[in-house]
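In what follows, a structure is listed as structure tokens, so that the remarks can point back to it.
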Amino acid sequence: MMERSCSAIDDGLDLLETVFSWTVKDVLNENLCKHKVRKIPQTFLSITDYLNSFIPSLVEETRSDLSSSLKCVSKAPFCEISSVELERSRSFIPAKNLFYQIAVNRTNSDEDGKYEPEVGDLIAFTDLKPKNVDDLNRSKRSYHIGYVHGIKETIDRISILSSKSFDMDIQFSLTSSSAPKLYAKSSKNAQKLYAFCLLNLTTNVRIWKALKLQLEGSSLSMMRKVLQADSKNGEICRLCFSGEKDSATYSKVKNIVLSQNLNESQKDAVLNCVTSRECQHNDTVKLIWGPPGTGKTKTVASLLFSLLELKVRTLTCAPTNTAVLEVAARLHNLVKESLEFDIGFGDIVVFGNKSRMKVDCYRGLSDVFLDYRVNNLLKCSGWKHSLESMIKLLEYPEEQYDSYKREEENSVKSLEEFAMQKYFSEKNDDPLTLELLKDFTSITEQYLLYKDEKKKSIKTLDQFFIERFRSNTEQIEKNLGTLRMHLPTSLVPLAEIKKIPIALDLLRSLENSLCKAKLKQTSGGCEEGESIVDFLRRLSIKKEECLIKLRSLSQTILLPNIRDKYEMAKFCLMRARLIFCTASSSTKLFEDGMTPVEFLVIDEAAQLKECESTIPLQLPGLHHVILIGDERQLPAVVKSQVSEEAEYGRSLFERLVSLGYKKHLLNVQYRMHPSISLFPNKEFYEEQLSDAPFVREIDYNRRFLEGKMYASYSFINIAKGKEQKPGRGHGWKNMAEAAAVCKIIESLENEFLRSKKKVSIGIISPYNGQVSEIQERIKHQNLVSDPNFSVSVRSVDGFQGGEEDIIIISTVRSNGNGNIGFLDNRQRANVALTRARHCLWILGNEKTLSSSDSLWRNLVNDAKERECFHKADDDKKLAMAIECEALLIELLDESETPFKKLSLGGPSRTTATTFSRGSFRGRPRAPRW
């Protein structure tokens, strides 16, 4: 079946045609769009002005993404194409739009079949496996790409929009079929055609459609709210409230919030946002400011739980699948813990790409994931039949038995039917007439035996009742369990939901009573001679109670008879109260007939490009928007320098803050030991944050290594480090700091093996070159394989939102002029310095950092004032590791001279690095994860 969500691809053709018009040279040209890109302003004169301001940067960012992919095309996933044919159904589209259907060769060879195209993929076609970007643009074949816009699973065909006609650059074989196959592999020696995946353009196409106002039924009311500054936004409407606490909603939500164990700032944020719906004439935009460790996710979950209780249809978005699943998992746990909500999760739904979201990694989220829900509900298509069958069985067991008996008797074949079946099954090669068959007495004898066996096989009333009862019970339990879990409460009233477990208990009780009565299926009665009719009469009260519940469920549960997956998915989305997806995926809610959304909640809002937030902002029926984030942490990733200078990565959250929008600050941090939170609180948050009581307790002050250097907070000066940049695109690294990090990890491992105390360690560096260097070294350290000892090495961007017991930061830069490059980025520094729970150890060159006019100078000075500044030489093992690394670097530098190459045999860098990794423990050890 074609993916229907992609049927509106035609609206995004103008973006695709722009991409198709580029040559390889255009894509690689960093200045191609520079003259069109302008800095995105903070305020706008009109909606048209607002939306158009993002378009040049979107095009440039698309070019930059494609450029990066082309440079790495040799590593791109690929598949072999077995055939290409014109898509006849697209005949009404202008000739310049070339739609084709391709088939993928799904052989199990080692080389082919590694890549399964997905909707939105931009793919490059070539007859060889390119080693570099130039191979895509040879003289015999010009640059040829395509866009996957649909998958036809039933016929194993992939629909694509091509940048050019296939017959322009390849010799095709034509077939006699009605739709000519322009390419069809016919033999081993035939010319091959490959498709290489470059990138997925789904999000870019969706943003383009939002900026071009091509989303079906879009509303612009909330867009107008964010164009200009509104100093009164966020304040309580005096026309609707004589006082906030007079609101009926406020009182109801307050009772909900009190049970969530929130601090005062969290309570205020939730109450202020939820009570805004009491205002009937003013749409609102609210901002919740969540610095690191302040319980942002918990606050969002409590907010959504309150909206669920109030039956407010709400969409919750986030920039990434991971962020969506984190908040959905927190809400799921909150709902599950509530006794009142022990009724299923039908009002909550999460949707998105199943393979990318990895829902199975989150316990319980299969209860709310759309794909699972659709499959489960489709299995319940016969739920009402099994329910009514049980009702009839309990009410009229004898009539049901008579009906069954008649069916069995009517199923007995006549002599002619039996003879024909018997004869043709044994001698179907020599047909005879029916008259001849009648002469065979053996057939008659066999028929009499058949009739006798058939008669004996008819069950007694008791046998029939027990078998039918158990079969119906089993099916009802499955169906009602699924309906209870997955149907929205709008289709199953709360009172009826509560009847489901009662009805199931009554059925089980009746079944247990049957077992106790020891009814014998072979004799047709129980040991005491009690029949089924007598048995039901004796248990009439329990039977009637069960029937009342079953009749009520049959009449009140409203599950439409839907057999199509797409229609069932739309049905679930229309009926859900709380919906979770990425901002980009919210385009699914613009389909015709979709129920309007009243509240929009955007989590991690400071990481979402403003242009992407324009998608959910256009949802029809939207009246209230809540943005949760922290503009002082990392923004959205932007690859193009041109787009970055235009502030394309700026979020709506950040822009509104700059315009003076009121923020509700979450002011209690629950993550960091006070000695860790002290500097970031002062440097980034004007000392507005306080430490939660439990992080100030003595037990939270955990020590993992001996010595002041390894207290909760310290700066470790690596004076003998040397910054290196091996080549273009590799990033800076510092071998001495890498060696120091690995020595500290070795000490932590030894301490763990001694104490067996659980510990998680995070190693952060702003530079990918240093991240790769440390990762390689740690592989060769052969760390202990134990779930209670974990080491994670990532860039700052990769650690956003994460936390560990110990964080080790490698700042890398080490020079005499105080040049620290993008290490100076305050948002990146904020993230790095706020990931640790118990210990934060910062490795760096004090002289370099102090010479820079940056926050790192402040950090070094602060560490000295607090007596948290230490020299690496103070730890003998650490000093020796750094000294060995410095000597090694010196030897490597000298080995570049002809003399050294002769005298030392020209040791390679790889050999030297391997030696240094194993030298601290006597010998290299094999890598093990």
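Per full-length UniProt numbering, the very first residue in the sequence shown carries number 1; after that it's consecutive. Built from N, CA and C at the ideal position, the CB exists for glycine as well.
(request) State the beta-bridge partners of Lys609 as determined by DSSP. (result) As a position in the sequence shown, residue 609 is number 609, starting the count at 1. Note: Lys609 sits in a beta bridge opposite Ser651.
(request) Just mark Ser523 as buried or exposed, buried being the case when its beta carbon has 16 or more other beta carbons within 10 Å. (result) What you label residue 523 is simply residue 523 of the sequence shown in a count that begins at 1. Here the model assigns Ser523 a pLDDT of 43, short of 50, so the residue's position is not dependable, and the following value carries that caveat. Answer is exposed; the Cβ neighbour count stays below 16.
(message) With distance defined between alpha-carbon atoms, name the residue in Lys405, Ile548, Tyr396, Ile207 nearest to Lys454.
(response) For the purposes of this step, residue 454 is taken as the residue at position 454 of the sequence shown. Closest by alpha carbon: Lys405.
(message) Quick check on residue 930: does DSSP put it in helix, strand or coil?
(response) The requested residue 930 is not part of the displayed model; the chain covers only 1 to 929.
(message) Let me make sure I understand the geometry here. Which of Gly801, Glu749, Ala740, Val831 has the alpha-carbon closest to that of Ile882?
(response) Here residue 882 refers to the residue found at position 882 when the sequence shown is read from its first residue. Per the Cα distances, Ala740.
(request) Give a yes or no on contact between the region 715-734 and the region 764-774, applying the rule of three or more CB pairs nearer than 8 Å. (result) yes
(message) Does Ser338 come out as helix, strand or coil in the three-state DSSP assignment?
(response) For the purposes of this step, residue 338 is taken as residue 338 along the sequence shown, with counting starting at 1. The answer is coil: DSSP assigns Ser338 none of H, G, I, E or B.
(message) Once DSSP output is grouped into helix, strand and coil, what is the label at His780?
(response) As a first step, residue 780 must be located in the sequence shown, where it is residue number 780. Note: His780 maps to helix in three-state DSSP.
(request) Give the single residue among His385, Lys358, Gly382 whose Cα lies nearest to the Cα of Tyr372. (result) On the sequence shown, residue 372 is found 372 positions in, with the first residue counted as 1. Among His385, Lys358, Gly382, the Cα nearest to that of Tyr372 belongs to Lys358.
(message) Between which residues of its own chain and Gly344 is the CB-CB distance below 6 Å, once the five residues before and five after are set aside?
(response) Within the sequence shown, residue 344 is the residue found at index 344, counting from 1. Same-chain partners within the cutoff: Arg484, Met485.
(message) I'd like the list of long-range same chain contacts for Lys722, defined as Cβ closer than 8 Å, with 5 residues on each side in sequence excluded.
(response) Taking the first residue of the sequence shown as 1, we reach residue 722 at position 722. The residues are Asn734, Met735, Ala736, Ser814, Ala886, Ile889.
(request) For the region 248-259 and the region 618-633, state whether three or more C-beta atom pairs, one from each stretch, are separated by less than 8 Å. (result) no
(message) At the level of alpha carbons, what is the spacing between Val19 and His838?
(response) Start at 1 with the first residue of the sequence shown, and residue 19 comes out as number 19. Start at 1 with the first residue of the sequence shown, and residue 838 comes out as number 838. For Val19 and His838, the distance between alpha carbons rounds to 49 Å.
(request) Return yes when the Cβ of Val759 is within less than 8 Å of the Cβ of Gln800, no when it is not. (result) Indexing the sequence shown from 1 puts residue 800 at position 800. Indexing the sequence shown from 1 puts residue 759 at position 759. In this structure, Val759 does not lie closer than 8 Å to Gln800 by Cβ.
(message) In the DSSP assignment, the beta strand (DSSP E) including Asn200 goes from what residue to what residue?
(response) The residue labelled residue 200 in the question sits at position 200 within the sequence shown. First-last of the beta strand (DSSP E) with Asn200: 193-200.
(message) Taking 8 Å as the limit between beta carbons, can you name the residues of its chain near Lys354, skipping five residues before and five after?
(response) The residue you call residue 354 lines up with position 354 of the sequence shown. Same-chain partners within the cutoff: Phe369, Asp371.
(request) Determine the contact status of Ser586 and Glu61, defining contact as a CB-CB distance below 8 Å. (result) Here residue 586 refers to the residue found at position 586 when the sequence shown is read from its first residue. Here residue 61 refers to the residue found at position 61 when the sequence shown is read from its first residue. No; because the gap between Cβ atoms is not below 8 Å, this pair is not in contact.
(message) By the three-class DSSP mapping on this structure, what secondary structure does His144 have?
(response) In the sequence shown, residue 144 corresponds to position 144, counting from 1. Correct three-state label for His144: coil.
(request) Have a look at the DSSP bridge pairing and note the partners of His664. (result) Within the sequence shown, numbered from 1, the residue matching residue 664 stands at position 664. Ile288, per the DSSP bridge assignment.
(request) Take Lys756 as the anchor and find which of Ile160, Cys611, Leu617, Pro787 has the nearest alpha-carbon. (result) Here residue 756 corresponds to residue number 756 of the sequence shown, with the count starting at 1. For the residues Ile160, Cys611, Leu617, Pro787, the minimum Cα distance to Lys756 belongs to Pro787.
(message) Pop quiz: Gly346 and Leu487 are said to be a contact at Cβ under 8 Å. What is the actual Cβ separation, rounded to whole angstroms?
(response) Here residue 346 is taken as the residue at index 346 of the sequence shown, counted from 1. Here residue 487 is taken as the residue at index 487 of the sequence shown, counted from 1. About 4 Å; that satisfies the 8 Å criterion.
(request) Put Glu527 into one of helix, strand or coil per three-state DSSP. (result) In the sequence shown, the residue the question calls residue 527 occupies position 527. At Glu527 the pLDDT is 46, less than 50, meaning the model places this residue with poor confidence and gives no usable figure here.
(request) Excluding the 5 residues preceding and the 5 following Leu833 in the sequence, name in chain order all residues of the same chain whose CB lies nearer than 6 Å to its CB. (result) Residue 833 sits at position 833 when you count from the first residue of the sequence shown. These residues qualify, in order along the chain: Pro680.
(message) Assuming contact is defined by CB atoms lying nearer than 8 Å, are Ile557 and Leu491 in contact in what I supplied?
(response) On the sequence shown, residue 557 is found 557 positions in, with the first residue counted as 1. On the sequence shown, residue 491 is found 491 positions in, with the first residue counted as 1. Closer than 8 Å, so yes.
(request) Tell me where the alpha helix (DSSP H) around Gly344 begins and ends. (result) For the purposes of this step, residue 344 is identified with residue 344 of the sequence shown, where counting begins at 1. No alpha helix (DSSP H) holds Gly344; DSSP gives it neither H nor E.
(message) Using 8 Å for Cβ pairs, my map puts Leu840 next to Ile807. What's the rounded Cβ distance?
(response) The residue you call residue 840 lines up with position 840 of the sequence shown. The residue you call residue 807 lines up with position 807 of the sequence shown. Confirmed, Cβ separation roughly 5 Å.
(message) Check whether the region 458-477 and the region 410-424 touch, using three or more Cβ-Cβ pairs below 8 Å as the test.
(response) no
(message) Please report the straight-line C-alpha distance between Asn667 and Glu654, rounded to a whole angstrom.
(response) Position 667 of the sequence shown, counted from the first residue, corresponds to residue 667. Position 654 of the sequence shown, counted from the first residue, corresponds to residue 654. Using only the alpha carbons, I get a separation of about 19 Å.
(message) Taking the beta strand (DSSP E) that Cys581 belongs to, which residues open and close that run?
(response) Counted from its first residue, the sequence shown places residue 581 at position 581. Residues 578-582.
(message) Among the candidates Tyr447, Ser386, Met390, whose CA atom is the shortest distance from the CA of Lys413?
(response) Here residue 413 corresponds to residue number 413 of the sequence shown, with the count starting at 1. Of the candidates Tyr447, Ser386, Met390, the one whose C-alpha sits nearest the C-alpha of Lys413 is Tyr447.
(request) Output the boundary residues of the alpha helix (DSSP H) element that contains Trp22. (result) Locating residue 22 in the sequence shown gives position 22, counting from the first residue. It is not in any alpha helix (DSSP H) - Trp22 carries neither H nor E in the DSSP assignment.
(request) Within the same chain, show all residues whose beta-carbon is closer than 8 Å to that of Ser908, passing over the 5 residues directly before and after it, in chain order. (result) Position 908 of the sequence shown, counting from 1, holds the residue named residue 908. With a pLDDT of only 35 at Ser908, under the threshold of 50, the placement of this residue in the model should not be trusted, and no figure is reported.
(message) Distance check for Phe469 and Leu393, CA to CA, integer angstroms please.
(response) For the purposes of this step, residue 393 is taken as residue 393 along the sequence shown, with counting starting at 1. For the purposes of this step, residue 469 is taken as residue 469 along the sequence shown, with counting starting at 1. Using only the alpha carbons, I get a separation of about 8 Å.
(request) Could you pull out every unbroken alpha helix (DSSP H) segment of at least 4 residues lying fully inside the region 459-533, listed in chain order? (result) 461-486, 494-516
(request) Please report how far the alpha carbon of Ser163 lies from the alpha carbon of Leu589, in whole angstroms. (result) For this step, residue 163 is matched to residue 163 along the sequence shown. For this step, residue 589 is matched to residue 589 along the sequence shown. So the two alpha carbons sit approximately 30 Å from each other.
(request) Spell out the partners DSSP gives Tyr100 in its beta bridges. (result) The residue you call residue 100 lines up with position 100 of the sequence shown. Answer is Leu86, Ile160.
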